[in-house]
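Visitor: Numbered as in this note's numbering, the sequence shown ends at 1126 without a single skipped number.
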Amino acid sequence: MSVGKDVITYLAENDWLNENAKRWGTKIGARAITAGTTMTELTPVVQKLNYAGLSTTIVYLGDGLYEKAGALDVKEQYLDLIHLIQEKALDATVTLQLTQLGLDIDFDFCYENVKEIVSEAYNYGVQVTIEMEDYGHVQPSFLMLEQLKEEYDNVGTVIQAYFYRAEEDIKKYKDVPIRLVKGAYDEPISVAYQTKEEIYTNYKKLLFEQLQNGIFTSIATHDQEIIAEVKQFVQQREIPLDAFEFQFLYGFDQQLQEQLVGEGYACSVYVPYGEEWYSYFMNRLAERPQNITKKVFNKKTN
Ligand code: FDA
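#1: Under 7 Å from any heavy atom of the ligand ADP, does the C-beta of residue 955 make it?
#2: Residue range of the beta strand (DSSP E) that residue 917 falls in?
#3: Give the C-beta separation of residue 857 and residue 1105 to the nearest angstrom, bearing in mind that I take them to be a contact with Cβ-Cβ under 8 Å.
#4: Using the Cβ count rule (16 or more neighbours within 10 Å means buried), how would you classify residue 1003?
#5: Should residue 1038 be flagged as near chain C, meaning a C-beta pair shorter than 8 Å?
#6: To the nearest angstrom, how far is the alpha carbon of residue 1121 from that of residue 996?
#7: Taking 8 Å as the threshold (C-beta atoms), are residue 888 and residue 924 in contact?
#8: Under a three-way DSSP split, which group does residue 1014 fall into?
#9: Am I right that residue 979 and residue 942 are in contact with their C-beta atoms under 8 Å? What's the rounded C-beta distance?
#10: In whole angstroms, give me the CA-to-CA distance for residue 1034 and residue 1043.
#11: How would you call residue 1079, buried or exposed, if buried means at least 16 neighbouring beta carbons within 10 angstroms?
#12: Spell out the partners DSSP gives residue 1072 in its beta bridges.
#13: Less than 8 Å separating the beta-carbons of residue 1012 and residue 951?
#14: Whose C-beta lies closer than 7 Å to the C-beta of residue 1089 among residues of the same chain, with five residues either side of it excluded?
#15: Quick check: the stretch 909 to 917 against the stretch 869 to 876, are there 3 or more CB pairs under 8 Å?
#16: The ligand FDA heavy atoms versus the CB of residue 915: any closer than 7 Å?
#17: Assuming contact is defined by CB atoms lying nearer than 8 Å, are residue 859 and residue 1009 in contact in what I supplied?
#18: Does any heavy atom of the ligand FDA sit closer than 7 Å to the C-beta of residue 1094?
#19: Who are residue 1214's beta bridge partners in DSSP?
#20: DSSP on residue 1043, reduced to helix/strand/coil?
#21: Express the C-alpha separation of residue 946 and residue 977 in angstroms, rounding to a whole number.
#22: Report yes if the C-beta of residue 1029 is less than 7 Å from at least one heavy atom of the ligand FDA; otherwise report no.
#23: Could you tell me the alpha carbon to alpha carbon distance between residue 1027 and residue 1046, rounded to whole angstroms?
#24: Does the Cβ-Cβ distance between residue 972 and residue 938 come in under 8 Å?
Below, the structure written as structure tokens:
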């Protein structure tokens, strides 16, 4: 089965489908890559991953919000999530998107929401990662990180290797835990590398500097060439295996995750849950249709 990327992207952004998908529950194969819509469904998924030796980072799904009430609901959801992690002794951190917590409404309002989450997480020993969104949100996200890290040491962020500014940012924030990704949004040539080769090269450059300098990094990529090169790099330089972790999206490359854990590497899984699963599912489908169509139409194949 082959579906055009543009068609899938159009469907991902369709308001009617997004709204109705909430009523359907995680059907049409979405359950293979999300942990359901509620914390009750989420808990056994995380426990199963933990049991297999994988740590997790949990994400409450949703798009950017423009009304304070919605952003406050998201904040409450994260506070409940932190309590759940503590009560069930889950091996889990949380990952959040600032536009869900009001970044597009008002910086200070968003800051107060995020600070409450980070502070509660700090009390319970839970790590928080601030995701990076499109270029327009990058600078305010770093500003928020800077304010938070003055008071808390349990907050880290994401560096997107496709941005020219990534090299400067990764050096500037060497005292916070970094999740290194390639970058998922369409960005212009004025701010970002465009070709696969350029992005791949910059990703490796930034990553190897981090590893060489002993800065803990979450290597968030499904790129098996990079994973193989990391293994070689750390073996040759005798870099300890607890100096980094590999990070994967839930539902993808499970065999590889198990293999890496078996070899002694730390692996963490990005586990999304929540009612707003539809656009996440469709966006993953647009990125890599073959993965999901396999999961939907032939559950035995993985
Ligand atoms: P890429 O698309 O470059 O493909 C390289 C190779 O990897 C392909 O040849 C293919 O074989 C394989 N591959 C790719 N995707 C796969 C999949 N899903 N399953 C199996 N194999 C696959 N972006 C962002 O802008 N901000 C953010 O905060 C985050 N956060 C984030 C967290 C985590 C845990 C992950 C894994 C990714 C993100 N991303 C992100 C997304 C990231 O920027 C990037 O778009 C995707 O990871 C795709 O890049 P890769 O390096 O994984 O593969």
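Even for Gly, the Cβ is constructed at its ideal location relative to N, Cα and C.
Guide: Inspection of the coordinates gives the following:
#1: The ligand ADP is absent from the structure shown, which contains only the ligand FDA.
#2: 916 to 920
#3: 7 Å
#4: By the 10 Å Cβ count, residue 1003 comes out buried.
#5: Annotation note: the requested chain C is absent from the structure, which comprises a single protein chain.
#6: Because residue 1121 carries a pLDDT of 49, less than 50, the predicted location of this residue cannot be relied on, and no value is offered for it.
#7: yes
#8: coil
#9: 5 Å
#10: Looking at the two C-alpha atoms, the distance is approximately 10 Å.
#11: Label assigned to residue 1079: exposed.
#12: 1093
#13: At least 8 Å separates the beta-carbon of residue 1012 from that of residue 951.
#14: 1065, 1070
#15: yes
#16: Residue side-chain check: residue 915 keeps its Cβ at 7 Å or more from all non-hydrogen atoms of the ligand FDA.
#17: no
#18: yes
#19: Outside the displayed span of the chain (825 to 1126) sits residue 1214, for which this structure offers no information.
#20: Taken through DSSP and simplified to helix, strand or coil, residue 1043 comes out as strand.
#21: 8 Å
#22: no
#23: 13 Å
#24: Contact check for residue 972 against residue 938 passes: the beta carbons are separated by less than 8 Å.
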